[in-house]
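Please read the structure below before turning to the comments.
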Amino acid sequence: MSPLPLLLWGTLGACLLQLGLWAWHLRTRNAGWVDVGWALSLGLLALFCAGQGTGHPAVRLFVGLLGGGWGLRLAAHLGHRVATEPHEDGRYQELRRSWGGNLDLKFLSFFLFQGVLAGGLALPFALAASAPAYHPLHGIAAGLWLLALLGESLADAQLRRFKARPTSKGLTCREGLWRYSRHPNYFFESLLWVAFALLAAPAPWGWLAWGAPTLILYFLLFVTGIPYTEAQSLRSRPEDYARYQRETSAFLPWFPKVPA
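Under the working numbering, the first residue of the sequence shown is numbered 9, with each subsequent residue one higher.
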């Protein structure tokens, strides 16, 4: 298939998956499953593009390994978190408070929007899967992908270990990568999307793939990433997190400031 049919069929599949997760969320009353569906959709879309694309077999293998491996790992990580945490993520609790009535229908729209968004963000996979030949940029993309995936996995593991200790209650993680960035997982997530854009760059119309990391960065910095996460952290541990904000870089890893 060419990129456009891949994206259209992929978007339909992503929306059907989110529809099923919305129905499950009605039972569990936990909208965090939308995040699992978003990551799983993108991982499956990468595999779909790799299998049905018309490009060079080696490049399509890269698409399946890089996009599919990232999406399935992230979906497993998020699924474990949503299934084991006793309460719904604070971001979605805040949405319930601010949205008022007709919550089930509003969350249906939200879930379906995430399916459409996943379909649009799969553009780098669809374009890369149409590349007619291997290019050195594909190797560079794979190297950056590996670095970013290791960084994101390490940040997730460090935060998970910190939260598992009873003595951590009411405190902010400052261990490992979290000493140098308040959101190292988001930083490495943005690098992953740069890797996906590099993977698509040699393909026809590959420059369009740069819209995906740009949109992801916008969401992380200004919409659903840092703003919601930090607002929730300030509500739950205001003094400790405010000090963390003063001392630690918000996004780019850097040395912490020494308290005055």
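Yeah, the Cβ is synthetic: ideal placement off N, Cα and C, and Gly gets one too.
Everything numeric in this text was worked out from a predicted model, so none of it was measured.
Check: Secondary structure at D164, three-state DSSP: helix, strand or coil?
Finding: Helix, per DSSP.
Note to self: Can you find the residues in the same chain that come closer than 7 Å, C-beta to C-beta, to W218, ignoring five residues on each side of it along the sequence?
What the structure shows: Excluding its 5 nearest sequence neighbours in each direction, W218 has C-beta neighbours in its own chain below 7 Å: A205, listed in chain order.
Next item on the list: Report, in whole angstroms, the separation of the C-beta atoms of E160 and N193, which I expect to be a contact under 8 Å.
Entry: 5 Å
Item checked: L228, buried or exposed, once every other Cβ within 10 Å from all chains shown has been counted against 16 -> Burial call: buried.
Item checked: Contact check, V202 vs L152, beta carbons under 8 Å -> yes
Checklist line | Helix, strand or coil at Y188 according to DSSP, with G and I counted as helix | finding: coil
Checklist line | Inter-residue Cα distance where the pair is N38 and H143 | finding: 44 Å
Next item on the list: Tell me the start and end of each unbroken alpha helix (DSSP H) in the region 9 to 52 that is at least 4 residues and wholly inside, in chain order.
Entry: Assignment of alpha helix (DSSP H) within the region 9 to 52, counting only whole runs of 4 or more residues, yields 11 to 36 in chain order.
Check: Does the distance from the C-beta atom of S189 to that of T256 stay below 8 Å?
Finding: Their beta carbons are under 8 Å apart, which means S189 touches T256 by this criterion.
Margin query: Looking only at its chain, what residues have a beta carbon closer than 6 Å to the beta carbon of P132, apart from the 5 residues adjacent to it on each side?
Written below: F204, A205, A208, A217, A220
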